Amino acid sequence: MRVAQVLVDSGLVHLDRPFEYLVPEDLDETAQPGVRVKVRFAGRDLAGYVVERSDVAEHTGRLAPIRTVVSPEQVLTPEVLELARRVSRHQAGTVMDVLRLAIPPRHARAEKALPLEPLADPRDEGGIPPSPAEVPGVWAGYRAGAAWWSRVATGESPRAAWLAAPSRPTETDWPRALAEAARAALLSDRGAVLVVPDQRDVARVDAALTEVLGRDQHVRLTADQGPQARYTSWLKVLRGHVRVVVGTRAAAYAPVRDLGLVAWWDDGDDLHEEPRAPYAHVRDVLLTRADVEGCAVLGGGLAMSTDVAALVDAGRVHLVGGSTPRREAPRVVVAGEGLDEERDGPGARAHIPSSAHRAASAGLQHGPVLLQVPRRGYLPAMSCATCRAPARCPECRGPLALPAPDQAPRCGWCGKSARGFECPHCDGDRLRAGIIGARRTAEEIGRSFPGTRVITSGAGEVQEGVGAEPAIVVATPGAEPVADGGYTAVLLLDAWASLDRPDLRAGEEAVRRWITAAALARPWTDGGVVVLCGAPTHATIPAVEALVRWDPEWFAAREIAERVELSLPPTTWTAEVVTDRRRIEPIEHAVRAAAPAAQLLGPLPVTGSEDRRRLVITAPFADGPLVAAALKDVRAGESARKADELTSVKVGHLTTG
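Going by the numbering used here, the final residue of the sequence shown carries number 659, and the count climbs one at a time with no gaps.
Structural data, given as structure tokens:
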């Protein structure tokens, strides 16, 4: 008897396991482990993957036959299957949820067009040196960098957290460092997976890889490629044509042969968080993959997330870099400190303070100037001009915003127009700006510097880069374009908006955003200056101090020490559960039965829903797998009972507090 174990894409949590099917004689050669198949399941033809073959069935009844083999391509490798199983267990999800992210939809034309074997070995083409050379300068410049690179190049698998230095010449910037790390893996006859937040970052690393490895020695995997191009790139990896991949989230699962290195850049960027079930973070996926395949790890960034700091603190990774020399970083000043207020009066506390205006004016004499604005839009929040109370929608109590100068205020939640505003506190009928967005800022700065080109970069209009000529760039966080030669001045506006958020990671995220933008400035020795505007000056703020000192390592270590003392994530296992209010009690019972040391916080109402509730669960790391399994069982029970909406579980994603 020819029997196949098939993972069926049923979409049902309680059926998250392989099922046995009979392999017809005519499909015996093609129905091999890893191929896509169609099977009959609960009266429907469903897709699935063969995960194992055997000659004996465990099921004592009659087996249904596999209907068809979709393609003989073995798209599910044993390593990716094991990774999917571990990720799904960790996230209280299903294996098929993970595989939907890991394996792109089939494109038949791409399968037929791509040769089964690579046309030539890259070594024969002279693309990759046959033996390890000297440590590249970009890694030699980092503390412990040369040792880490050499160990990877000789076949070892060290794990490192890399604190990158600010903007440097192209041959020593962070994309080049990632490319050289990939080269180290290739020198040891292994492959590499590099994951970055967005397509702009992919483009920079893509160019660096081409320069370091030569043409056609790697592929990129991003959602913007289109179905055929993306599947072709993925097949090149699967078939061993190339062994280096750079891409966004889904690239973390790329089926690279003989994997030697997994690397991520800027894990604090929320683009690394998967918005679909099972909601795994790229960092967690790559760390799990390193456990599965025994490869090296490189987690890089200009700032350090508390998650990486916790890994360093636990000894799971070791620090490379850090302690950036002041000559490599720009000069950082805080508007309103020292003599600014005495000299500038109210201008020291303006949206664009006088000291920032002077820095921009001086910077424009020599090159471009960057303004980072925390909020997009025109006036994203408004208040009563009489009593300064926040302006609210009379229908849903959402915040009122002004989309454009020639439009009426609208509710940011329900979208209704709010003409004829009347304040419920003082009966005032006039509105004023509460928070100034990027578009309004561009208007203001343009009026201050007539004749100077103003470039905006944000949602829907992200700029790739700007030249070295004088210009003003107004960008929201994450959309700052790279300037040729660096910015002469960087103004970080409305620091209070980044700090004053009801979020456990507010300070951490502020440091990441500020340092990411500030790193685009020229070094101190070349006249680069950063002005932090809108920060409180009456007290010492650790996030502000970290920027001024250019010491994100100190800030992350300080945060971790506080979190350990208070048992806050990421020093404890955490999950956020959203469920129907009637299911809260069974969930609490299941969690406490699985892990008596677990703590449950809530439940709290979910905005926009009368019946949904939010529950936060924390537990010692040793109990995390037990709680995840219990939550998976809860979801499986709901699935078996055909509940209208299943409980949602997000492991490790707690941000608000």
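Glycine included, each C-beta is placed from N, C-alpha and C at the ideal position. None of these values were measured; they are calculated from a predicted model.
Beta-carbon proximity of residue i to residue j, cut-off 9 angstroms
i, j, result
"P332", "V475", "no"
"L180", "W236", "no"
"P280", "A410", "no"
"V618", "L602", "yes"
"Q201", "T212", "no"
"W164", "L300", "yes"
"H92", "T308", "no"
"P41", "R4", "At residue 41 the sequence reads Val, which differs from the Pro that was named. No, Cβ-Cβ distance for V41 and R4 is not below 9 angstroms."
"V336", "L534", "yes"
"P67", "L24", "yes"
"V89", "A282", "yes"
"L462", "P483", "Looking at the sequence itself, residue 462 is Gly, so the reference to Leu does not match. No, Cβ-Cβ distance for G462 and P483 is not below 9 angstroms."
"G338", "S357", "yes"
"H16", "G448", "no"
"I354", "Y255", "no"
"L628", "A597", "yes"
"E84", "V284", "no"
Inter-residue spacing [alpha-carbon to alpha-carbon] between residue i and residue j
i, j, result
"D646", "A86", "26 angstroms"
"A59", "P20", "12 angstroms"
"L633", "T96", "12 angstroms"
"A403", "I437", "9 angstroms"
"E182", "L223", "19 angstroms"
"R565", "A305", "18 angstroms"
"R241", "S159", "24 angstroms"
"V319", "C389", "53 angstroms"
"D635", "P525", "55 angstroms"
"A621", "H61", "38 angstroms"
"R616", "R278", "18 angstroms"
"V71", "S650", "34 angstroms"
"A33", "S12", "20 angstroms"
"R329", "D528", "9 angstroms"
"W575", "Y144", "32 angstroms"
"G63", "P35", "23 angstroms"
"L14", "V37", "21 angstroms"
"E446", "V550", "27 angstroms"
"R111", "P607", "49 angstroms"
"S73", "D272", "36 angstroms"
Buried versus exposed, by CB contacts within 10 Å (16 or more), residue i
i, result
"Q7", "buried"
"K652", "buried"
"A624", "exposed"
"K644", "exposed"
"E127", "Below a pLDDT of 50, predicted positions are generally treated as unreliable, and E127, at 48, falls in that range; no measurement from the model is reported."
"E567", "exposed"
"T542", "exposed"
"K238", "buried"
"S133", "Unreliable positioning characterises S133 in this predicted model, as indicated by a pLDDT of 47, which lies under 50. A coordinate reading is not provided."
"C425", "buried"
"E510", "buried"
"E555", "buried"
"R47", "Looking at the sequence shown, residue 47 is not Arg but Asp. Result: exposed."
"L118", "exposed"
"A316", "exposed"
Whole-angstrom C-beta distance between residue j and residue i, which should lie under 8 angstroms
i, j, result
"G193", "G262", "6 angstroms"
"G365", "T490", "3 angstroms"
"P257", "V82", "6 angstroms"
"P199", "T250", "7 angstroms"
"V464", "A481", "5 angstroms"
"V513", "F451", "About 29 angstroms; that fails the 8 angstroms criterion."
"A387", "R432", "4 angstroms"
"A470", "G487", "5 angstroms"
"V204", "V221", "Not really, about 11 angstroms apart at Cβ, beyond 8 angstroms."
"A311", "I562", "5 angstroms"
- Message: Would the stretch 363-378 count as touching the stretch 440-450 if we require 3 or more Cβ pairs under 8 angstroms?
- Response: They touch, by the three-pair rule.
- Query: Is there contact between the stretch 160-176 and the stretch 219-235, where contact requires at least three CB pairs shorter than 8 angstroms?
  - Reply: Between the stretch 160-176 and the stretch 219-235, the count of C-beta pairs closer than 8 angstroms stays below three; the two stretches do not touch.
- Message: Assess contact between the stretch 392-399 and the stretch 490-501, defined as three or more Cβ pairs (one per stretch) separated by less than 8 angstroms. Is contact present?
- Response: The answer is no - the stretch 490-501 does not touch the stretch 392-399, with fewer than three Cβ pairs under 8 angstroms.
- Tell me, please, whether the stretch 415-423 touches the stretch 477-489 by the rule of three or more beta-carbon pairs shorter than 8 angstroms. The stretch 415-423 makes no contact with the stretch 477-489: fewer than 3 CB pairs, one atom from each, lie closer than 8 angstroms.
- With contact counted as at least three CB pairs below 8 angstroms, one residue from each stretch, are the stretch 515-523 and the stretch 313-323 in contact? No: fewer than three Cβ pairs fall under 8 angstroms.
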